[in-house]
Every structure is written in structure tokens, then in C-alpha cells.
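Inspection log for the structure reproduced underneath, given as C-alpha cells.
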Amino acid sequence: NRPAYIFDLDGVLVDTAVFHYEAWKRLANELGFDFTVAQNEQLKGVSRVESLEKILAWGGVEKTDAEKLELAKKKNDWYLEMVAKMTASDLLPGVLAFLEQARAEGKKIALGSASKNAPLILDKTGIARFFDAIVDGNEVSLSKPNPEVFLCAARKLEVQPADCLVFEDAEAGVAAAIAGGMAVVGIGEEGALPDADALVANLGKLVK
Ligand code: G6P
Ligand code: MG
10 NRPAYIFDLD GVLVDTAVFH YEAWKRLANE LGFDFTVAQN EQLKGVSRVE SLEKILAWGG
70 VEKTDAEKLE LAKKKNDWYL EMVAKMTASD LLPGVLAFLE QARAEGKKIA LGSASKNAPL
130 ILDKTGIARF FDAIVDGNEV SLSKPNPEVF LCAARKLEVQ PADCLVFEDA EAGVAAAIAG
190 GMAVVGIGEE GALPDADALV ANLGKLVK
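Following full-length UniProt numbering, the numbering of the sequence shown begins with 10 at its first residue and continues without gaps.
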């Protein structure tokens, strides 16, 4: 029963992982190699540039820094074409009800995401109004499992890490929450995220 909630975005509030997958796959294919769903899983919580680095390494392709910048932009432009079509119907099951419940209970609410597109996505899906603080990839460059994104969210909410409950769908995100001294609810299928304090399939399962 903690006074502050910190939400990851992709895979917790919205299912953008498939958009990331489509865009990265298109880029990999253009570069002459394939990109799998299993590889996409490993990019959850990983920043855009670090994701690109990993993909290039998997494909055995080397690029200059300038080329990498261009490739990351290309991927993001494709990703944004998909994000542009997002509405509240793209929220994962129970998200709206759970955020309303948290508000009614007086929780402090923050976003802790590695995504630079987080503010846009909150806006498109109509849930920006629930957040007292937003920490995203524009502010924090250290990828999860580094706890910085969550610690920064706690600072903005003016609460201690021990007051925070994090909601995460990625292994790296769960590790980041633990490293930050926070409790964490995993969002995933049975057997996933063994290090989380609790596991639910979606936030709807936590609506009273
Ligand atoms: C989230 C996703 C990652 C993504 C990262 C950066 O953490 O789980 O898959 O790479 O955000 O997203 P961005 O929108 O900045 O490219
Ligand atoms: Mg996530």
C-alpha cells in the first residue's frame, strides 16, 4: 500500500511493442537481415540508440555515428506513423479504470519510460491528465536496468523510493525498480518476470 505509483509506458499502459517491432524489422530488412520477435523482446526498456546498436550487432553490420543517427531517425519516422493513429482504444485492458482508481485513492502518479515519444503517446491516448510527473527518454539517457528513470520520477513526486510501487513489463525494468529500492508489480503472463514482487496479466486485474 504505497503512496506513489510509477508506470512504465510500453507494455504496461499501451502496446507499442508491436509498432517498435514493425519499424525495427523494416529497418533490418532494408539492411539485409531479419529481426525476430524474440530479439524485439530484448529491446524492451532499451533506448532507441542502444536498440539500434544491438540490432546492427545482431545483423553483423557496422555503421558510422552519422549513419546511425540517420537510421534511428528513419525507424522513428515509421514508428511515429503508427503512433499518429493511436487513440484511447489502444490502451491496454483496465488502464483507464486503474488510473481512475489510483487518482481516487490519492496516489501520486508518475511515468518512468525510456521513450522519447512518451509525451506524444500519453496525449494521443488521452491519459496525460493522470500524471503528476513525467520522466522519459528526453530527460534520462541511462537505459533500464539503471534505476535513474525511476529515481528521477520519485524525486519529482517528492517521495522516497520506498514509497513507490513500479509497474513494469520488462525484465530490465523490474531490475531497475529493484535497484532503485522500489517495490514492483510485473505485467505479464504466468511465469514471466520472476523477480517482481507480484505479477498480473494487465492493470485491469488490480481494479477493485
Ligand atoms: C521503451 C520501449 C523500447 C524503446 C524505448 C525508446 O523503453 O520498451 O522498446 O526502444 O522505449 O523509445 P523511443 O520512443 O524513444 O524510440
Ligand atoms: Mg515496457
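Even for Gly, the Cβ is constructed at its ideal location relative to N, Cα and C. Model, not experiment: these values are computed from the prediction.
The C-alpha of G41 is placed about 43 Å away from the C-alpha of A163. Using a C-beta cut-off of 8 Å, the segment 71-83 makes no contact with the segment 138-150, since fewer than three inter-stretch Cβ pairs fall below that distance. For G189, the closest C-alpha among the options I196, A201, L202 and A171 is that of A171. The alpha-carbon separation between A142 and S124 amounts to approximately 15 Å. Within the chosen limit of 7 Å, the ligand G6P does not reach the beta carbon of N38 with any heavy atom. The closest heavy atom of the ligand G6P lies 7 Å or more from the beta carbon of S150.
Each residue's CA atom was taken as its position, placing I187 and W33 some 29 Å apart. Contact between the segment 89-98 and the segment 55-71 is not established, with fewer than three Cβ pairs separated by less than 8 Å. The Cβ atoms of K165 and A185 lie no closer than 8 Å to each other. Between the segment 174-184 and the segment 14-34, the count of C-beta pairs closer than 8 Å reaches three or more; the two stretches touch. Our two residues, E199 and L65, have alpha carbons roughly 32 Å apart in a direct line. Within the segment 129-210, the alpha helix (DSSP H) runs of at least 4 residues that lie entirely inside it are, in chain order, 157-166 and 180-188. Straight-line measurement puts the Cα of N147 at about 11 Å from the Cα of R57.
Judged by their CB atoms, G103 and N211 are nearer to each other than the 8 Å cut-off.
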